[in-house]
Each structure stands twice: as structure tokens, then as C-alpha cells.
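**Student:** All residue numbers for the sequence shown refer to numbering that gives the first Met the number 0, where the first residue is 0 and numbers rise by one.
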Amino acid sequence: MSNQIAETASALDSVVKLGKPIVETACRLLESLLGEPCKVAGGMLADQVYAWRWRNRIRILTRAKEIIDARDIALKAIPPSFLLPLIESAGDVEATELQNMWAQLLASGIADPDAQHPSFVKTLGQLSTLDALILTMLSRVFHLSRHPECPYPAPLRCKSPSPSPSLRSHLRSIENLMRLGLCDSTYIPDSSNPYAHGAIYFFHPEWDKRETREHPMTVRLTMFGEWFLSACVPPIDIVELVKKVGFEMAFGGEIQVL
Numbered sequence: 000m001s002n003q004i005a006e007t008a009s010a011l012d013s014v015v016k017l018g019k020p021i022v023e024t025a026c027r028l029l030e031s032l033l034g035e036p037c038k039v040a041g042g043m044l045a046d047q048v049y050a051w052r053w054r055n056r057i058r059i060l061t062r063a064k065e066i067i068d069a070r071d072i073a074l075k076a077i078p079p080s081f082l083l084p085l086i087e088s089a090g091d092v093e094a095t096e097l098q099n100m101w102a103q104l105l106a107s108g109i110a111d112p113d114a115q116h117p118s119f120v121k122t123l124g125q126l127s128t129l130d131a132l133i134l135t136m137l138s139r140v141f142h143l144s145r146h147p148e149c150p151y152p153a154p155l156r157c158k159s160p161s162p163s164p165s166l167r168s169h170l171r172s173i174e175n176l177m178r179l180g181l182c183d184s185t186y187i188p189d190s191s192n193p194y195a196h197g198a199i200y201f202f203h204p205e206w207d208k209r210e211t212r213e214h215p216m217t218v219r220l221t222m223f224g225e226w227f228l229s230a231c232v233p234p235i236d237i238v239e240l241v242k243k244v245g246f247e248m249a250f251g252g253e254i255q256v257l
């Protein structure tokens, strides 16, 4: 390990308190991707916000290294136009679910130049934890609904992926996902509509008391949403997953047929 990495790791660990081996792993990865040693502004490490952001970056880089090793991805320098905005934005991400998505995007960008699209970084930076949970469920339903032996007609009526958000929180997340072009909402009356495949109707006690179902909680992924998730969510072997746990468990939520 170079003296530069050792010095940088020591300086960072003095404030982020994650353990020197973890910090060194993150610094080595960043050096490989940048093509030059990672540097931090030593005088700014006393700033709590600066230190907090580096703590988040180190956690994401460490998780990315685990994904890279598991997928046997060859390390190489990647374009600064993709890497630097990603590292900058990742500093503001503290939730574990979102940190995992940032780590996955970084690993995907190293493995495949197509995953380096600048819109992916900008889009990921505008997601909440609930947004990410809804997207992950949509991704799973999208793939499972195309399984040749899927026993459920579309669209699916699924329980929320989060235990207690309000109806307003649901609608806010879905509106945000539509604003970002990741999903869209069209009323789907029955399974004869081709659009219904891969769609979810999220039921909520507050909305089920109303007379109409024509609301933005019936959603499905857009093509951009599929591309985005392929870069930010670990790939799932749907056939093997269904064999292992069955369809209902594979969907990851309570399922009812509309």
C-alpha cells in the first residue's frame, strides 16, 4: 500500500471512526477507479458535515468492493464524468437501502460502460427510502410476471413494501417516481390489457375506503426504469428464486388478485 493511501486512510479514520482496514479498502478502490491516489482536505476533516459525508462515501465504497469481488469484476479507471459526480452525491446518502443502490451503480459502471449514463446518478440522488422500496418491488413483479408459470393474473394487488407510511407518503413517492420517468400510472381495468403485465396496484387502508380505484397507486416500470434498475439493483435469477421459495415468497409482499 502506498504512503499516500496510508496517510489518507489514517486522516479519514480519525474522524469517520469506521476502522482503518475499512477506510483503507475504500481508499484503494477509489485510487484504482481514479487512476491516481485519493486525497482529502485535511483541514476540513474537523468540519462535521465534511466528515459525515466521507463516512457515507466510505461505507458505499466498501460495499461496492464487496459486490465487485463477488461478481469478479476487473478493476479499471473509469471516466471522471461518471465517477466524480457519483462520489460527490454519495456523500449525502445515509440510509442503508440507498447506500446499497449507490454501491451497485458504481459496480455496474465499472463492469459495463452502458451503466455510466449520467442520468442514473442524478436520478438516484433524488430517491427516498420508500421510493427505493417501491422500485425494488416493481422490478421483482416485472420479472416474475413474465415467468412462464406465473399463477397470478395481472395487475397484481400488493401490500405496501413499507410497514407504516401514510397514504400521502405513498402518493408522494409514486409521484416522484413518475416525475423521474421511472414508472408511470395508467388505470388498468383487467388482465386483458397488455399494459397490465408487470403492473402493481398498491392497496392502502385509507384509499380502499374510497369509491374509485383510478388513482396513481396502479403503476409499472417504464423502459427507463428497467434500465435504471438493471444498473442499481442486484440481478435476480427469477427461475432459481421461484424454485427455491415459490411465487408468493418471491414477490416479497402480500398478494391479492384484483
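Heads up, the beta-carbon is just placed ideally off N, CA and C, and yes, glycines get one too.
Here the structure is a predicted model, which is why all the values come from computation and not from measurement.
Just verifying my parser: in three-state terms, what is the DSSP assignment at Asp111?
**Tutor:** coil
**Student:** Are the stretch 90-106 and the stretch 57-67 touching, with three or more C-beta to C-beta distances below 8 angstroms?
**Tutor:** With a cut-off of 8 angstroms, the stretch 57-67 and the stretch 90-106 count as touching, because enough Cβ pairs lie within range.
**Student:** Assign Ala230 to buried or exposed, taking buried as 16 or more other Cβ atoms, counted over all protein chains shown, within 10 Å of its Cβ.
**Tutor:** buried
**Student:** Could you compute how far the alpha carbon of Glu30 sits from the alpha carbon of Leu123?
**Tutor:** 23 angstroms
**Student:** Specify the secondary structure class of Thr221 as computed by DSSP and reduced to three states.
**Tutor:** coil
**Student:** Return the chain-ordered list of same chain residues with a C-beta closer than 7 angstroms to the C-beta of Ala259, the five sequence neighbours on each side being excluded.
**Tutor:** Outside the shown range of the chain (0 to 257) lies residue 259, about which nothing can therefore be said.
**Student:** Comparing C-alpha positions only, which one of Arg52, Gly224 and Glu65 sits nearest to Asn313?
**Tutor:** Given a span of 0 to 257 for the chain in the structure shown, any question on residue 313 remains unanswerable.
**Student:** Residues in the same chain with beta-carbon distance under 7 angstroms from Ser168, minus the five sequence neighbours each way, listed in chain order, please.
**Tutor:** These residues qualify, in order along the chain: Leu129.
**Student:** Could you tell me the alpha carbon to alpha carbon distance between Ile77 and Gln115, rounded to whole angstroms?
**Tutor:** 9 angstroms
**Student:** Among Trp226, Arg52, Pro117 and Arg27, which residue has its Cα nearest to the Cα of Thr135?
**Tutor:** Trp226
**Student:** Counting only runs that start and end within the stretch 72-138, where is the alpha helix (DSSP H) found for 4 or more residues in a row?
**Tutor:** Positions of the alpha helix (DSSP H) runs, each at least 4 residues long and wholly inside the stretch 72-138, are given as 79-89, 95-110 and 117-123 in order along the chain.
**Student:** From Ile86, Arg52 and Asp183, pick the residue whose C-alpha is nearest to that of Leu32; which is it?
**Tutor:** Ile86
**Student:** Tell me the rounded alpha-carbon separation between Ala50 and Ala63.
**Tutor:** Approximately 20 angstroms between the Cα atoms of the pair.
**Student:** Is any non-hydrogen atom of the ligand SAM found closer than 7 angstroms to the C-beta of Val218, if you look at the structure I gave you?
**Tutor:** Looking at this structure, you won't find the ligand SAM or any other ligand, since it has none at all.
**Student:** Is it true that the CB of Leu74 sits closer than 8 angstroms to the CB of Ile109?
**Tutor:** Cβ atoms of Ile109 and Leu74: closer than 8 angstroms.
**Student:** Closer than 8 angstroms, CB to CB, is Leu85 near chain D or not?
**Tutor:** The structure shown contains no chain D; it holds only a single protein chain.
**Student:** What's the call for Gln103, buried or exposed, on a 16-neighbour Cβ count within 10 Å?
**Tutor:** By the beta-carbon neighbour count (other beta carbons within 10 angstroms, threshold 16), Gln103 is buried.
**Student:** Let me make sure I understand the geometry here. Which of Leu132, Ser80 and Ala25 has the alpha-carbon closest to that of Pro112?
**Tutor:** Ser80
**Student:** My understanding is that Leu220 touches Leu137, with C-beta atoms under 8 angstroms, so please give their C-beta distance in whole angstroms.
**Tutor:** 5 angstroms
**Student:** What are the boundary residues of the beta strand (DSSP E) that Ser168 is part of?
**Tutor:** No beta strand (DSSP E) contains Ser168, which is instead part of the alpha helix (DSSP H) from Leu166 to Arg178.
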